[in-house]
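Chains A and B supply the protein sequences, listed in that same order. With the first letter of the first sequence counted as 1, position 27 gets the number 10 in the numbering used here; the numbers rise by one all the way through. Convert by adding 28 to the 1-based position in the second sequence; the result is the number in the numbering used here. The beta-carbon is built from N, C-alpha and C at its ideal position, and this holds for glycine as well. This structure is a prediction, so every number in the text was calculated from the model and none was measured.
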Amino acid sequence: MTRLVDVPANFDDRSFDQFAGAYAQAASGGERLLFDAHAAEWASPYGLVGLLAAGQAAGALGGGGERPLLTAPTNPEVLSYWARAGFFREAGELFEIHGRVPKMKTPTDSDVLLPVTPVRAAEDVHEVVSHIQMRATAILTSELGIDPKATMGFAMALSEACQNIVEHAGTGGWVAVQSYHWRRRLAKRVVVIAVADAGVGFRHSLEPTQAKRFGERWGDAAALEAALIQGVSRFRDPGRGQGLKGIRNYISRWDGKISIRSGTARISIVPSWDDDVPLKDGLAAFPGSQVLLIIPEQGSRK
Amino acid sequence: MIQHIDVHAVLQQSVPGYYADLVTRPTGRAVRQSIERAMLGAEAAVARMDFSGVGCIDYSCADEIIAKLLGEVKVLLLRGLTDGHREAIEPVLLGHGLAVVIERPDGTLGALGLQEPAERLFDELVSRRLAARTPGGVLALTAA
């Protein structure tokens, strides 16, 4: 028997919890999953890498014998956009895809700063950082009004976000970076970095060194708080844990947002323009970690 | 004696593939180990690291290279740094309570990291006659 997981029509960080709820319910039976994206109208980078993480996790259900199914969007524009964003290149390995999928091309879309890219090892992080420096500098400085000197900080933040997969997930993941005009939510251009994996998540990674310290409070929310706010790491080396702290500092400087979802919790550093909550617990369980970084166009160009 | 290290060249020798960026812990570890091998037997108390040609540095790499090398040598003298490099290196130094000396393009010296250990580094360079005050009162290297 196949269990259905609806992909939200507008699939982004806001509708992700709805998707995670559908996934958790369907996956509990241990049967083959069908991800239905036929009615999809739009997906953010976060939605796309999150869907891949779901596919990765679903492939491991029931002993990992069968790949989950995916019905591709029927809207040609949506389909074309998902292809340009590099989604189907990665999805082909994870899903049995139903529906017409456009031929894979090297993405040329100027808004796709980094197509959906697998991150499995340190070499992948090098490739990502090399690529993004070539593509992102012009967008960050001319369209977002970020000081040219700060564009290296963007690559640094991206590098550290990707390294979380390599160092802590215990499996591979994906990253995507896009720039677009956020008409409804902010009425500004933004650059969005989305990183997702279906690995062990923050709680499992930090449990051996942190669980005792938190006692009964220990859980996904406490693990995220320890990692993002307190800068702790599973390694006892005092130099560890700098990565997320560095990302947080960079994002705060540019009035951006960082949000990390892992297991049943999500933690965010919320800028004034956003109405998210700093910490949300008791969400539907979803494997691994999903990181979202948003940098908006600067109000007064520097 | 000053040990000279061309960081970009060490990066090329230490990791497969042509990369200009010092990112990821494995890369940082490989680069640091190459530097440590090069320093073996040299007994240099001062190492001068030239970052010219290096693209991005992230916190993980800065921690693996700079913070850990400071356990091997008394003074790290960094040159060819961009603002982006400093952005990665300074928080790492502050996190460890450490400092390095930076060599500006005009040859004068400054510090990155905590003030107190930085003063000790200046004193060390002066006592070894590797640096001296210029008539203008700023510190500069006496020997390149």
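Within chain A, Val108, His109, Val112, Ser142 have C-beta atoms less than 7 Å from the C-beta of B:Val51, given in sequence order. For B:Asp78, the nearest beta carbon of chain A is not closer than 7 Å to its own beta carbon. Between the beta-carbon of A:Ala68 and that of A:Ala268 there is about 27 Å, and that puts the pair past the 8 Å contact cut. A Cβ-Cβ contact shorter than 7 Å links B:Asp86 with B:Ala116.
Proximity of A:Ala209 to chain B, defined by a Cβ-Cβ separation below 7 Å, is not satisfied. Ranked by Cα distance from A:Gly222, the options B:Pro163, B:His113, B:His124 are led by B:His124. For secondary structure counted as the alpha helix (DSSP H) over 4 or more consecutive residues, the stretch 21 to 63 of chain A holds these complete runs in sequence order: 28 to 42.
Relative to the Cα of A:Gly271, the nearest Cα in the group A:Gly33, A:His81, A:Ala(-8), A:Asp(-11) belongs to A:Gly33.
With 16 or more other CB atoms across the displayed protein chains lying within 10 angstroms of its CB, A:Glu280 is buried.
Leaving aside the five residues that flank A:Ile277 on each side, the residues in its chain whose CB is nearer than 6 Å to its CB run, in chain order, Val173, Val175, Gly239, Lys240.
Rounded to the nearest whole angstrom, the C-alpha separation of A:Cys145 and A:Ile230 is 11 Å. Distance from the CA of A:Trp157 to the CA of A:Leu141, rounded to the nearest whole angstrom, comes to 12 Å. A direct Cα-Cα distance of roughly 27 Å separates B:Arg65 from A:Gln225. By the neighbour-count definition (other C-beta atoms within 10 Å, threshold 16), A:Glu79 is an exposed residue. At a cut-off of 3 residues, the continuous stretches assigned as beta strand (DSSP E) that sit fully inside the stretch 220 to 252 of chain A are 240 to 246, 248 to 252. For A:Val102, the enclosing beta strand (DSSP E) starts and ends at 95 to 102. Within the stretch 104 to 136 of chain B, those residues whose Cβ lies closer than 9 Å to any Cβ of chain A are, in chain order, Thr110, Asp111, Gly112, His113, Glu115, Ala116, Pro119, Val120, Gly123, His124. Under DSSP, the beta-bridge partners assigned to A:Ser162 are A:Val174.
Cβ-Cβ distances below 6 Å link A:Trp201 to Ala194 in the same chain, with the five nearest sequence neighbours on each side left out; the list follows chain order.
The beta-bridge partner set that DSSP reports for B:Thr136 consists of B:Ala168.
Residue pairing of B:His32 in beta bridges, as defined by DSSP: B:Arg76. The alpha-carbon separation between B:Ala73 and A:Phe185 amounts to approximately 41 Å. Secondary structure within the stretch 95 to 156 of chain B: the beta strand (DSSP E) runs of 3 or more consecutive residues, fully enclosed, are 103 to 107, 127 to 131, 137 to 141 (chain order). C-alpha of A:Ser216 to C-alpha of A:Glu126: approximately 35 Å in a straight line. In the DSSP secondary-structure assignment, A:Ser272 is bridged to A:Asp180, A:Ser245.
In terms of beta-carbon proximity, A:Gly153 stays away from the interface with chain B, with every pair separated by 7 Å or more. Check the Cα spacing between A:Ile129 and each of A:Met(-16), A:Trp237, A:Asn232: the tightest is with A:Trp237. Per DSSP, A:Thr(-15) is not a residue of any alpha helix (DSSP H); the beta strand (DSSP E) it occupies stretches across -15 to -11. Judged by beta-carbon spacing, A:Ala206 lies within the 7 Å limit of A:Leu189, meaning their Cβ atoms are closer than that value. Chain A places no beta carbon closer than 7 Å to that of B:Ala75, leaving this residue out of the contacts. Annotation for A:Asp19: the continuous beta strand (DSSP E) segment containing it runs 15 to 19.
Residues of the stretch 79 to 102 of chain B with a C-beta less than 9 Å from any C-beta of chain A: Gly83, Cys84, Ile85, Asp86, Tyr87, Ser88, Cys89, Ala90, Asp91, Glu92, Ala95, Lys96, listed in chain order. The contact set of A:Met139 on chain B, defined by CB atoms closer than 9 Å, consists of Val51, Cys84, Ile85, Asp86, Tyr87, Gly112, Glu115, Ala116 in chain order. In terms of Cα proximity to B:Leu109, the closest of B:Gly138, B:Met67, B:Leu169 is B:Gly138.
Within the same chain, Cβ atoms closer than 8 Å to the Cβ of B:Leu142 are found at Leu121, Leu122, Gly125, Leu126, Ala127, the five residues on either side in sequence being excluded. If the five residues before and after B:Arg60 are omitted, its C-beta is found closer than 8 Å to the C-beta atoms of Glu92, Ile93, Lys96, Leu97, all from its own chain and listed in chain order.
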